[in-house]
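Working notes, beginning with the structure itself.
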């Protein structure tokens, strides 16, 4: 049995940061990993079209989402939305007072 993959083109990817949790049923999850520590927990989901990284700290959630721009997402509490192009560095101060910082480069 062969398995086909339909990954989106890199030019179709968009990076989003949302200041709340995302329902996992919005995406088809291929693999999941979780980390639970005293002060935070994190979940990484590898999806058919990218990934979702969720972090919970002091009853607040933030989700980093890399997916096709065609995938619908709620606009509520959207903190950042950028197409994946070139080299970028972004930072956002979260409600909890923590800073979220990301850098990525597309070659």
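In the numbering used here, the protein residues as written are 537 to 643.
We treat Cβ as the ideally placed atom computed from N, Cα and C, and that holds for glycine.
In this text, all values refer to a predicted model and were calculated from it rather than measured experimentally.
Residue environment, residue 649, which counts as buried when at least 16 other CB atoms sit within 10 Å: Residue 649 lies beyond the residue range present for the chain, which begins at 537 and ends at 643; the question has no answer from this structure.
For the beta strand (DSSP E) that contains residue 579, what are its first and last residues? 577 to 583 is the span of the beta strand (DSSP E), which, as asked, contains residue 579.
Reducing DSSP to helix, strand and coil, say where residue 570 ends up. Here residue 570 sits in strand by DSSP.
I'd like the span of the beta strand (DSSP E) that includes residue 601, first residue to last. Element bounds for residue 601: 596 to 604.
Spatial neighbours of residue 538 within its chain, please: C-beta separation below 6 angstroms, excluding the five flanking residues on both sides. Interpretation of residue 538 is limited by its pLDDT of 49, a score under 50 that renders its predicted location unreliable; no figure is taken from the coordinates.
With burial defined as no fewer than 16 other Cβ atoms inside 10 Å of the residue's Cβ, what is the status of residue 546: buried or exposed? Answer is exposed; the Cβ neighbour count stays below 16.
Could you spell out where the beta strand (DSSP E) holding residue 587 opens and where it closes? Residues 586 to 593.
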